[in-house]
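One structure is given here, and the rest of the page talks about it.
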Amino acid sequence: TTVWTDGLTSLDRYKGRCYDIEPVAGEDNQYIAYVAYPLDLFEEGSVTNMFTSIVGNVFGFKALRALRLEDLRIPPAYSKTFIGPPHGIQVERDKLNKYGRPLLGCTIKPKLGLSAKNYGRAVYECLRGGLDFTKDDENVNSQPFMRWRDRFLFVAEALFKSQAETGEIKGHYLN
Numbered sequence: 099t100t101v102w103t104d105g106l107t108s109l110d111r112y113k114g115r116c117y118d119i120e121p122v123a124g125e126d127n128q129y130i131a132y133v134a135y136p137l138d139l140f141e142e143g144s145v146t147n148m149f150t151s152i153v154g155n156v157f158g159f160k161a162l163r164a165l166r167l168e169d170l171r172i173p174p175a176y177s178k179t180f181i182g183p184p185h186g187i188q189v190e191r192d193k194l195n196k197y198g199r200p201l202l203g204c205t206i207k208p209k210l211g212l213s214a215k216n217y218g219r220a221v222y223e224c225l226r227g228g229l230d231f232t233k234d235d236e237n238v239n240s241q242p243f244m245r246w247r248d249r250f251l252f253v254a255e256a257l258f259k260s261q262a263e264t265g266e267i268k269g270h271y272l273n
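131 is the number that the numbering used here gives to position 33 of the sequence shown; each next residue is one higher, with no gaps.
Following this line, the structure appears as structure tokens:
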């Protein structure tokens, strides 16, 4: 892969820096590297963006034969950008009208490859079978084989049908 735009960015400003390397005790040719990245590389308030930027890029580096993430430290300045969820568990319980017991849910699998219709069918089977809610896997978005709007419509149908049959409020968390 060739990147012809290298001269258009300030690489020094945005590159990660290895600030310490320690040998792993009792292991030949194994080291712990401490790497820091500038906060400007990450979207404020997005743990997902930060984590996938670091893990996705570093673990995809083919020159490394073996790699393990041992620790991830988030600077307080970046932590302060997280506003948190819009509401807590009590609101979820109120919406689902479920109290005094754990909420039961699952992530729909397989995460990729289902048509929107079959995805809705899987949601229905889970909810009809007794779960309180289902959710999309983090890899599910609006792919050609299952567009968001189509998934939304089939999931809504599954929710309404399972609610009508069970007499319970059901939920689904869409990406």
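Note that the Cβ used here is the ideal one computed from N, Cα and C, for glycine as well.
*Determine, using beta carbons only, whether Val238 and Lys207 come nearer to each other than 7 Å.*
no
*Per the contact definition of three or more C-beta pairs closer than 8 Å, is the stretch 154 to 163 in contact with the stretch 175 to 183?*
no
*At what residues does the alpha helix (DSSP H) containing Asp192 begin and finish?*
Ile187 to Leu194
*Leaving out five residues on either side along the sequence, give the residues of the same chain with a beta carbon under 6 Å from the beta carbon of Ala123.*
none
*Would you kindly report the start and end of the unbroken beta strand (DSSP E) that includes Pro121?*
Arg115 to Pro121
*Is Leu229 helix, strand or coil by DSSP?*
coil
*Cα-Cα separation, Lys193 to Pro200*: 14 Å
*asked:* Going by DSSP in three states, Tyr197 sits in which element: helix, strand or coil?
replied: coil
*Could you tell me which residues DSSP puts in a beta bridge with Gln128?*
DSSP lists no partner for Gln128.
*Name the two residues that bound the continuous beta strand (DSSP E) containing Gly203.*
Gly203 to Thr205
*asked:* With H, G and I counted as helix, E and B as strand and the rest as coil, what does DSSP make of Ala254?
replied: helix
_Within 10 Å of its beta-carbon, does Glu263 have 16 or more other beta-carbons around it, so buried, or fewer, so exposed?_
exposed
*asked:* According to DSSP, Val133 sits in a beta bridge with which residue or residues?
replied: Cys116
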